[in-house]
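Asker: Residue numbers (full-length UniProt numbering): 1 to 332. We put the CB at the ideal spot given by N, CA and C, even for glycine. Computed from a predicted model, the values in this text were never measured in an experiment. First the structure, which I've put down as structure tokens, then a few questions once you've had a look.
As structure tokens, then:
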């Protein structure tokens, strides 16, 4: 999609309105950033959600106070709207995330004639899980720890006074819609050890199979992401969503334009999400212990029995794996 005169006019007028509204002068560096970002985004072409233009990236580097955030917002909002896509802004730090959501976006909307909506995206772990809360209250009432997660057993029965009352208050507030289930919107800080008992992650979430799916705080918030023009997230959440296939938490990648602020943090974040490590030496040690245990068992099994044959196959496989790991370890 080439930049149309209408899009160019929206960008230019938006910048003029902001300068006039804040009574400041235009900066050459900021104007250059706006032009380059708009030009780059305008050159993106696609077919059925698949990008057909070269997979290039627009990289902008500028000093603190140059006005990078304002530059990419003014340039990207009209382009994203013309393309019919959600603008996803990803940051590395909570401080910048809060600045964009609480200051930069409201400031831009106030001083420009641009009309847009935005929201902050968060992972499942920031939202109440009603299924977990119900289980917690049930366990508290019965004094039954058989079904409690292992990491809670040590603390069961040692919560601070009022913990059950706290969970009941949480249930009442969510049920009456006084609270939306967002941890950050609770009037007081919730300790980590308490919050872990009533939240979940994508591994434990049963999704549509959950009896509380229709009233789920996380999925209610997820619906909002499809209805706004701008979604502010962080690198970890974007990468986690991509690891799940894309579109599990954030808008589908083919329906979004991404801006990575503080992008110099992205390589390390990506390694944390997509890299894998294997402790080769300790794995070989474990295989050695397995072989020793199997050797001790062998005299007690009658020859030619199925158990003896199985034991022999396991021993052979263990030695073969150890030989492969030894070669890998030497080459590493």
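1. Looking only at its own chain, which residues have a Cβ that is under 8 Å from the Cβ of residue 308, when we skip the five neighbours before and after it?
2. Let me make sure I understand the geometry here. Which of 16, 279, 295 and 41 has the alpha-carbon closest to that of residue 31?
3. I want to know whether the region 82–101 touches the region 178–198 - three or more CB-CB distances under 8 Å.
4. In chain order, what residues of the same chain have a beta carbon less than 6 Å from the beta carbon of residue 112, not counting five sequence neighbours either side?
5. Below 8 Å between beta carbons: does that hold for residue 68 and residue 75?
6. From the DSSP output, in three-state form, read off residue 150 for me.
7. Please classify residue 201: does DSSP put it in a helix, a strand, or coil?
8. Which of helix, strand or coil does DSSP assign to residue 67?
9. Would the region 120–132 and the region 196–209 be scored as touching if the rule is three or more Cβ pairs under 8 Å?
10. Can you give me the C-alpha to C-alpha distance between residue 270 and residue 239, rounded to a whole angstrom?
11. What residue from 263, 124, 100 and 331 has the CA that sits closest to residue 118's CA?
12. Let me confirm a value: residue 85 is counted as buried when at least 16 other C-beta atoms fall within 10 Å, else exposed. Which label applies?
13. What span of residues does the beta strand (DSSP E) with residue 100 cover, start to end?
14. Pick out whichever of 329, 291 and 304 has its Cα sitting closest to the Cα of residue 314.
15. Could you tell me the distance, in whole angstroms, from the CA atom of residue 223 to the CA atom of residue 284?
16. Would you call the region 228–246 in contact with the region 48–64, where contact means no fewer than 3 C-beta pairs closer than 8 Å?
17. Between 251, 211 and 261, which has its C-alpha nearest residue 380's C-alpha?
18. Among 136, 232 and 202, which residue has its Cα nearest to the Cα of residue 77?
19. Taking DSSP as the reference, what is the three-state secondary structure of residue 310?
20. Below 8 Å between beta carbons: does that hold for residue 311 and residue 294?
21. When DSSP labels each residue in this structure, what does residue 326 get in the three-state scheme?
22. Suppose the cutoff is 6 Å on Cβ atoms and the five residues either side in sequence are ignored; what does the same chain contact list for residue 154 look like?
23. Let me make sure I understand the geometry here. Which of 163, 234, 217 and 221 has the alpha-carbon closest to that of residue 260?
Answerer: Quick look at the numbers:
1. The residues are 298, 301 and 302.
2. Of all alpha-carbon atoms in 16, 279, 295 and 41, the one lying nearest the alpha-carbon of residue 31 is that of 16.
3. With a cut-off of 8 Å on Cβ pairs, the region 82–101 is not in contact with the region 178–198, counting fewer than three such pairs.
4. These residues qualify, in order along the chain: 14, 17 and 18.
5. Against a cut-off of 8 Å, the Cβ pair of residue 75 and residue 68 comes out as no contact.
6. Legend: pLDDT at residue 150 = 42, less than 50; position of this residue unreliable, value from coordinates given subsequently. The DSSP-derived three-state label of residue 150 is helix.
7. In this structure, residue 201 counts as coil in the three-state DSSP scheme.
8. Of the three classes helix, strand and coil, the one that applies to residue 67 here is coil, per DSSP.
9. Verdict: yes, contact present.
10. Spanning the two alpha carbons is a distance of roughly 7 Å.
11. Just measuring C-alpha positions, the residue of 263, 124, 100 and 331 sitting nearest residue 118 is 100.
12. By the neighbour-count rule (16 or more Cβ atoms within 10 Å), residue 85 is buried.
13. Secondary structure note for residue 100: it is in no beta strand (DSSP E), with a DSSP letter that is neither H nor E.
14. Nearest option by C-alpha distance: 291.
15. Looking at the two C-alpha atoms, the distance is approximately 48 Å.
16. As far as the Cβ criterion goes, the region 228–246 does not touch the region 48–64, which means the pair count is below three.
17. Residue 380 lies beyond the range of the chain shown here (1 to 332); nothing can be said about it.
18. For residue 77, the nearest C-alpha among the options comes from 232.
19. Note: residue 310 maps to helix in three-state DSSP.
20. Contact flag set, yes.
21. Three-state DSSP puts residue 326 in a helix.
22. Below a pLDDT of 50, predicted positions are generally treated as unreliable, and residue 154, at 44, falls in that range; the measurement from the model is reported next regardless. Contacts found: none.
23. Comparing alpha-carbon positions, the option among 163, 234, 217 and 221 lying closest to residue 260 turns out to be 234.
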